[in-house]
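Residue numbers (our numbering): 553 to 917.
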């Protein structure tokens, strides 16, 4: 807004939101658990970034303090998110659908619903989906990470939603020269087999098909979970990494030649794909809103239809046979990733929260 008219000692004056609120914010994050998932890492990076910018940030979680992440914000483990566990703050930020109702009910600050993916798309259980939808209908400041999620929330729930984007730590996720071939192409697939929206079976089925045609493939998997019996029975994975520290992932990306993600439309952002591009890997990605919105055009990856292992097989084969295309994708992917620094996301989030406090003060004035 351009400003508001208020009465001061000098008479009627026009002031902007920044004139009203200049102090340090008190922010409380409600985090269900502290396992090393990408969504958890994003929340903790936001908390760190806002702490560095001078705000008082505390993360409350039912899980233990994360040993895998260098958290600079204050942390406290709590048995639940009852009101007496939550300090008074400017904002109470729910980071998953289960944490939004307590952020609203506690009455300790302005409730925020931070959405990194529409959870109702994850669950086949109708009753559970209804609970997710009830959380989205609550009156909150809604913040999300991608334009398609913003559009979904505004259309379905009739509430304003603000897209702050997504970012990665470009100081850690950066390229090195491609690894030597040594007779085999290392193809990386990241994510839990058990999560349907990650499409891991489709990616591995496509690679299994391609392995019948060429012997120069080495399939590398990374997941937070142990390899399932179903995945092992497929007999396509050559190297399996479980629960890799998120800050050890850059080294794993840089030891590979190609990245595949077969995620479905339920993918909120697709962090491994962006991290892979930042480390210089050509990518085969499904044609879904989150991946297509990384940048204008489609030069930064080879896009394939959803749930189509044969298309994945053909796209991988085509890239491996075309050195110039791989080099082009590497260059294009690095340019795209450079547009996603985490610092810019934190700045946008900070500006949004400060604006909310300032606007509230203007209305009171």
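A virtual CB, placed ideally from N, CA and C, is assigned to each residue, including glycine.
- Between residue 834 and residue 853, the C-beta gap is smaller than 9 Å, which places the two residues in contact.
- The beta-carbon distance between residue 589 and residue 776, rounded to whole angstroms, is 7 Å. This is short enough to meet the 8 Å contact definition.
- Taking C-beta atoms as the reference points, residue 634 and residue 611 fail to come closer than 9 Å.
- Rounded to whole angstroms, the gap between the alpha carbons of residue 745 and residue 653 is 30 Å.
- Each of 689, 836, 579 was checked against the Cα of residue 870, and the nearest Cα belongs to 836.
- For residue 715, the pairing in a beta bridge is given by DSSP as 696.
- Annotation for residue 598: no beta strand (DSSP E) segment contains it, though the alpha helix (DSSP H) segment containing it runs 590-604.
- The Cβ neighbour count for residue 883, taken over all protein chains shown within 10 Å, is under 16; the residue is labelled exposed.
- When DSSP reads this structure, residue 610 sits in a beta bridge with 580, 626.
- DSSP, reduced to helix, strand and coil, places residue 875 within a helical segment of the structure shown.
- Going by beta carbons, residue 773 and residue 816 fall outside the 9 Å limit.
- Under the 8 Å Cβ criterion, the region 798-815 counts as touching the region 733-753, having at least three qualifying pairs.
- With the rule of 3 Cβ pairs closer than 8 Å, the region 689-699 counts as touching the region 657-668.
- Within the model, the alpha-carbon separation for residue 827 versus residue 792 is close to 19 Å.
- Between residue 673 and residue 819, the alpha-carbon positions lie close to 9 Å from each other.
- Segment contact: the region 600-611 against the region 891-900, three or more CB-CB distances shorter than 8 Å; contact assigned.
- Per DSSP, residue 766 lies in no beta strand (DSSP E) and is assigned neither H nor E.
- Only exposed fits residue 903, as fewer than 16 other CB atoms lie within 10 angstroms of its CB.
- Counting along the chain, residue 777 sits inside no alpha helix (DSSP H), nor does DSSP assign it H or E at all.
- For the set 649, 645, 749, the Cα lying nearest the Cα of residue 676 is the one of 749.
- Excluding the 5 residues flanking it on each side, residue 740 has same chain C-beta neighbours closer than 6 Å at 772, 808, 811, in chain order.
- Under the criterion of beta carbons closer than 8 Å, residue 846 and residue 697 do not qualify as touching, at roughly 12 Å.
- In terms of CA proximity to residue 829, 890 leads the group 890, 864, 778, 756.
- Looking at the DSSP output, residue 806 sits in no beta bridge, so it has no partner there.
- Contiguous alpha helix (DSSP H) elements confined to the region 631-690 occur at 652-657, 678-689, taking only those with 4 or more residues.
- Remark: C-beta atoms of residue 650 and residue 703 do not approach each other more closely than 9 Å.
- Here the C-alpha atom of residue 900 lies approximately 14 Å from the C-alpha atom of residue 597.
- In the DSSP assignment, residue 739 falls within the beta strand (DSSP E) that extends over 737-742.
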